[in-house]
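Below: one structure, written as structure tokens.
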Amino acid sequence: MSEARLPTGLWVAAHLKLCATRGVMATVLNRGDPDRGVVLQKLRRFDGRCAVLRQETDFDGATRWAAAFDGALRDEAEADAYIARAQAMDPDLWVVEIESADGWSPFEEGIV
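Quick note on numbering: the numbering used here labels position 75 of the sequence shown as 201, and the sequence is numbered without any gaps.
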């Protein structure tokens, strides 16, 4: 039996509020399925370099974040191209851009 989970839209809204309370700029670039959409994070640093993280669920049902580009920072154009390809494959995908000096993310799950 699967565990109950928050609808994605509500879950994202809560994390955006956390960003606002910390003074971190966060924007939803694409709204996916409000109930079950997967989230992709674009973590934009002030120097224009970006990390891209995709939400995944492991075999035990736990949420984790998989880093694109083997975790390396990329320029914004390359990150945006990756995001565009992901959106083309998954129209229910949520895309959230978070802008901070150190690449902080409000999403608490581990990054792999």
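For each residue, glycine too, the CB sits at the ideal point set by N, CA and C. Owing to the predicted nature of the structure, the values given are computational and were not obtained by experimental measurement.
Checklist entry - Where does the unbroken beta strand (DSSP E) through residue 192 begin, and where does it stop? => result 189-193
Checklist entry - Can you check whether the CB of residue 133 is closer than 8 Å to the CB of residue 161? => result yes
Item to check | Three-state class that DSSP yields for residue 152 in the structure shown | outcome: strand
Next on the checklist: Per the DSSP calculation, residue 164 is bridged to which residue(s)?
Outcome noted: DSSP lists no partner for residue 164.
Next on the checklist: For the beta strand (DSSP E) containing residue 177, name the first residue and the last one.
Outcome noted: 175-183
Checklist entry - Looking only at C-alpha atoms, which of 179, 197 and 218 sits nearest to residue 224? => result 179
Checklist entry - Buried or exposed: which applies to residue 152, given that a residue is buried once 16 or more other Cβ atoms fall within 10 Å of its Cβ? => result buried
Next on the checklist: Quick check on the DSSP output: the alpha helix (DSSP H) that includes residue 137 runs from which residue to which?
Outcome noted: 134-147
Next on the checklist: Any heavy atom of the ligand FMN closer than 7 Å to the beta-carbon of residue 194?
Outcome noted: Among the ligands in the structure shown, none appear at all, so the ligand FMN cannot be discussed.
Item to check | Strand pairing of residue 202, partner residues [DSSP] | outcome: Beta-bridge pairing links residue 202 to no other residue.
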